[in-house]
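For reference, the structure is listed below as structure tokens.
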Amino acid sequence: MSTTADHPVAPEAAPTPAVPGSDDLATRTETIRSAAGYLAQWVSTQAAHLRVPGVQVAVRSGGELVLDLAVGVADVTTGEPLRTDHLFRIASHSKTFTGTAVMQLLEAGRLRLDDPLAQHVPELADAEVGAATVRELLGHQAGVVRDGVHADFWQLEYAFPDRERLLAVAREEGAVLGRNEHFKYSNIGYGLLGLVVEAASGQPYADYVHEHVVAPLGLTRTGAELDPSRADEYAAGHTGLLPGETQRLTVEHVDTRALAAATGFYSTAAELSAYGDAHCFGDDRLISDGSKRLMQRLESVVTHDGTEQGRYGVGMEVRTIGARDLVGHSGGYPGHITRTYVDPKDRLVVTVLTNAVDGPAEQIAVGLLGLIDTALAPSTVPPRPADAPPLDAFAGRFAALWGLQDLVVLGDRLVLVRPTLPDPRASLEELEVLDGLRLRLPARTSFGPTGEVVHLERGPDKAVTSVRIGGMTAWPVEEFLARRPAMTRVGDPRVGP
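If you want the numbering used here, it's the 1-based position in the sequence shown plus 627.
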């Protein structure tokens, strides 16, 4: 670390080579599995740093669950530790289940994507929204109101709409924009798609998705709506923290009724990642690859004031992160924020569930993808000398007055990471091993100590006892904490090291 204008500057991030598909699936999975310990440590650090009550994470590669993690608490009022089997409300992830159900019914010849809504929901035959097609509703291109003129059910002021209320909103408030005029996200639209699924299948929505989407995958902790019989299995939701606040309130779980197809589902990170894996190519348990391509096809690019806000397909969000073309969805439910990313070609799934309105699910998921791709990327530095210690002999967490820094082995690379930054790649550097006591930062354009030697000290047991980067020393956390008081006051005058 160096300083500019009297402020510390982290080393500039090294470019990460494109990595998806760079090795065979078994090799990629083995590499990610080997990195899982640090992925868990990084998530735990993020959760503690951001003061989120609890985080549940799953990483799945090639169908294998390589990380299944829970950190923090399920309920701040009781202090109950969060477990990997706690249930979370996954909110708008529900839309992907609805999209999958629609594709199944399409494949079965029970509906067509260009069917008008009123064909399946005749109560809307005389309503403007009744002309919207199934595909337009799936892609949020039907111009339908988002939640209705009165939507404080999202703040538990009153119950979520039942079927009668949903149809009334659709008739009286539903048409806001012209069809295909703009991308317009709509929970009401997906509630109406739930009615389409019911009409085309002849089953209640929850029964259909359980029988045809949940059960075929062997999922036992996933369902379309709040299950009161499992009340003690849910992680509590929590309010966000306004500026200056330190206390959170718990938020009661409620039935989303006719909006279950838009936002009612519950699951765990592990099971949601298993569902995401079924959307990878070559897996025909739910829908064909042709239907997957349709769901994952880019339909809309969402911009605001010239800045891209997101992309959407047909029932799934679409995004490129690094070299990966990803699909998936986010979810926002009172007290829970969630995110899943799926690389359907490389069979990689990352799911992050948080139990607070301000939960950093997106940030953690993107960070995990960055660390995974760092592990998969080939080394960019010369091989270590034959007489140097193995890479893991350099690994550890070190602290200085300016914060934490990790030396960690990811794949076949020794890298430097600042674990409290929102994007781990923002400070990531691959280190060249010179010998057992010296490493070197890459030589390139940077505000940091580019090209400089990193000096280490080791104890009698050969463990690293200090790391000096850019001339500034960091120690294992416990030793740093013992030293820190002396760093906050001017003592006796000292000259030189």
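Where is the CB? At the ideal position from N, CA and C, for every residue including glycine.
Exposed is the label assigned to Gly-933, since fewer than 16 other Cβ atoms lie within 10 Å of its Cβ. Ile-1096 has its alpha-carbon roughly 11 Å from the corresponding atom of Ala-1027. Looking only at Gly-770, Thr-981 and Thr-883, the smallest Cα-Cα distance to Asn-807 is reached by Gly-770. Taking a cut-off of 8 Å for Cβ pairs, the region 884 to 896 and the region 807 to 823 touch, as three or more such pairs fall below it. As a beta-bridge residue in DSSP terms, Ala-685 pairs with Asp-695 and Thr-978.
Between the beta-carbon of Leu-714 and that of Ala-663 there is about 23 Å, and that puts the pair past the 8 Å contact cut. DSSP places Arg-884 within a helical segment (H, G or I) once states are collapsed to three. By a beta-carbon distance limit of 8 Å, Gly-942 contacts Gly-726. Their separation comes to about 2 Å. Per DSSP, the beta bridge partners of Arg-716 are Tyr-893. Distances from the alpha-carbon of His-777 to those of Arg-792, Arg-848 and His-767 put Arg-792 closest. The straight-line gap separating the alpha-carbon atoms of Cys-907 and Arg-1040 is approximately 28 Å.
Here Pro-1012 is not near Leu-1068, since their CB atoms are 9 Å or more apart.
Distances from the alpha-carbon of Ser-688 to those of Thr-895, Leu-868, Arg-974 and Thr-723 put Arg-974 closest.
Excluding the 5 residues flanking it on each side, Glu-763 has same chain C-beta neighbours closer than 7 Å at Ala-769, Arg-806 and Asn-807, in chain order.
Distance from the CA atom of Val-670 to the CA atom of Met-922, rounded to whole angstroms, is 30 Å. With respect to the C-alpha of Pro-743, the residue from Gly-736, Thr-760 and Leu-732 having the closest C-alpha is Thr-760.
Between Leu-953 and Tyr-968 a beta carbon distance of about 5 Å is seen, short of the 8 Å cut, so the two are scored as contacting. Within the region 795 to 844, the runs of alpha helix (DSSP H) at least 4 residues long that lie entirely inside it are, in chain order, 814 to 828 and 832 to 836.
Ranked by how close their Cα comes to the Cα of Ser-856, the residues Asp-882, Arg-920 and Glu-1057 have Asp-882 in first place. Taking the C-beta atoms as reference points, Glu-879 is found no nearer than 9 Å to Leu-996. Here DSSP, grouped into helix, strand and coil, assigns Gln-1032 to strand. By the Cβ rule, the region 741 to 758 does not count as touching the region 867 to 874, because fewer than three pairs are nearer than 8 Å.
Taking 8 Å as the upper bound for CB-CB distance, Leu-696 and Glu-750 are not in contact here, some 46 Å apart. Distance from the CA atom of Val-1035 to the CA atom of Arg-1065, rounded to whole angstroms, is 15 Å. Taking all protein chains shown into account, Lys-722 has 16 or more neighbouring C-beta atoms within 10 Å of its C-beta and is therefore buried. Taking a C-beta distance under 9 Å as the contact criterion, Leu-709 and Gln-668 do not qualify as a contact pair. In the structure shown, Thr-711 falls within a coil segment according to DSSP collapsed to helix, strand and coil. For Ser-721, the uninterrupted alpha helix (DSSP H) run begins and ends at 721 to 734, by DSSP. Within the region 1072 to 1109, no run of alpha helix (DSSP H) at least 4 residues long lies entirely inside it. If you compare the alpha carbons of Ala-983, Val-984, Glu-989 and His-837 with that of Val-977, the shortest gap goes to Glu-989. Glu-898 sits buried, since 16 or more C-beta atoms from the chains shown fall within 10 Å of its C-beta.
The C-alpha of Leu-846 is placed about 27 Å away from the C-alpha of Arg-946. When beta bridges are read from the DSSP output, Phe-1025 appears opposite Gln-1032 and Pro-1103. Counted as a single uninterrupted DSSP element, the alpha helix (DSSP H) harbouring Arg-660 occupies residues 652 to 677. According to DSSP, Asp-952 shares a beta bridge with Thr-947.
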